[in-house]
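To start, the structure itself, in structure tokens.
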Amino acid sequence: MKQILADYIEICLKFRKEYLSKPERKQRHILLTEWAKAQYVDGNPTIPELYEFWDKYKDVSYNKIFIEKAIVPIVNEDFQNGGIEGLKFLFYCLHGRDGIKYISTTSPVSIFSKTHNYKYSSIQLADMVLEKEPDNEDALKATYFITKEHLWFSIHEIPFGVLNGMDGANISDIPNMLSSVDKFQAISNKLKIDNDEILIEDCRRFYVAYREYLQQVDRYSDFEDYLNKNNIPYERYCSTYHYE
Numbered sequence: 001m002k003q004i005l006a007d008y009i010e011i012c013l014k015f016r017k018e019y020l021s022k023p024e025r026k027q028r029h030i031l032l033t034e035w036a037k038a039q040y041v042d043g044n045p046t047i048p049e050l051y052e053f054w055d056k057y058k059d060v061s062y063n064k065i066f067i068e069k070a071i072v073p074i075v076n077e078d079f080q081n082g083g084i085e086g087l088k089f090l091f092y093c094l095h096g097r098d099g100i101k102y103i104s105t106t107s108p109v110s111i112f113s114k115t116h117n118y119k120y121s122s123i124q125l126a127d128m129v130l131e132k133e134p135d136n137e138d139a140l141k142a143t144y145f146i147t148k149e150h151l152w153f154s155i156h157e158i159p160f161g162v163l164n165g166m167d168g169a170n171i172s173d174i175p176n177m178l179s180s181v182d183k184f185q186a187i188s189n190k191l192k193i194d195n196d197e198i199l200i201e202d203c204r205r206f207y208v209a210y211r212e213y214l215q216q217v218d219r220y221s222d223f224e225d226y227l228n229k230n231n232i233p234y235e236r237y238c239s240t241y242h243y244e
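With my numbering, letter number 44 in the sequence shown gets 44, and the count goes up by one each step, no holes.
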């Protein structure tokens, strides 16, 4: 085991995993900060060594300090050389975790993206893996959970409008948004997840309806008025939309 990993786990084993007192948390933080600043003459671990270490100690390694110090440099070196093995490891780190972890800014994928000033989104990084390995389950799941969150968010203000990101969607946005729904359905089917029908149907219905509304916006007081006058069913406010 490379010294950088041995030193890290030695620090972790000095403390309980949970319920640390404030002085204990402070002491652990001091030790980990010193570890993060240290230089190691025997170099960084290889990607296979990271897999081996992660499988044994992932419960104490899923944190920003460890990811930035021990994982990102190795992944970045492989990435700069055109490889995907490092990216595959980033998505592997999410294996077996709740969907919320996939969309969190503290995920290994998001932390790696941040080091590149968000030049590459998590979805784009997953696509790089899937382009070469279309059946990579870890990358597929990341795309699934992230896209699902985007789709839900896009309609959470119904009946007031449809969003594309943080802004209201434009007519020109709708084709790509509908393509995202198609891609999401394909991934959902590939992963054999069968509880997304309502979300998929809602997105398609509201995206098309919003495009039609924008094309004749002067005829209606607002989008809700359009929905009502065209007998398009909806439920009011985001709290009524629950997608498991």
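Here a beta-carbon is modelled for each residue, glycine too, at the ideal position from N, C-alpha and C.
Other residues of its chain near HIS150: CB distance less than 6 Å, five sequence neighbours each side excluded: Here residue 150 refers to the residue found at position 150 when the sequence shown is read from its first residue. There are no such residues.
Per the contact definition of three or more C-beta pairs closer than 8 Å, is the segment 103-117 in contact with the segment 158-175? no
Under the DSSP definition of a beta bridge, which residues are partnered with GLY168? Here residue 168 is taken as the residue at index 168 of the sequence shown, counted from 1. In DSSP, GLY168 forms a bridge with LEU163.
Mark ALA6 as exposed unless 16 or more other C-beta atoms lie within 10 angstroms of its C-beta, in which case mark it buried. The count along the sequence shown starts at 1 and reaches residue 6 at position 6. Exposed, since its Cβ has fewer than 16 Cβ neighbours within 10 Å.
Output needed for ALA126: all residues of its chain with C-beta closer than 6 Å, excluding positions within five of it in sequence on either side, in chain order. Along the sequence shown, read from residue 1 onward, the residue named residue 126 stands at position 126. Answer for ALA126: ALA139, ALA142, THR143, listed in chain order.
Under the three-state reduction of DSSP, which class applies to PHE112: helix, strand or coil? Position 112 of the sequence shown holds residue 112. Helix.
In whole angstroms, what separates the C-alpha of THR33 from that of TYR8? To locate residue 33, count along the sequence shown from 1; it is residue 33. To locate residue 8, count along the sequence shown from 1; it is residue 8. Each residue's alpha carbon lies about 11 Å from the other.
Closest to ILE67 by C-alpha separation, out of ALA36, GLU85, MET1, would be which residue? Within the sequence shown, the letter at position 67 stands for residue 67. Among ALA36, GLU85, MET1, the Cα nearest to that of ILE67 belongs to ALA36.
Out of ALA70, ALA186, LEU178, LEU87, state which residue places its alpha-carbon closest to the alpha-carbon of MET1. Numbered from its first residue, the sequence shown carries residue 1 at position 1. The shortest C-alpha separation from MET1 is found at ALA70.
Restricting to Cα atoms, I'd like to know which of GLN39, ILE74, GLN27, ARG25 is closest to GLU49. What you label residue 49 is simply residue 49 of the sequence shown in a count that begins at 1. Considering only alpha carbons, the answer is ILE74.
Going straight from the alpha carbon of LEU178 to that of GLN185, what length do you get? Within the sequence shown, numbered from 1, the residue matching residue 178 stands at position 178. Within the sequence shown, numbered from 1, the residue matching residue 185 stands at position 185. The straight-line gap from Cα to Cα measures roughly 11 Å.
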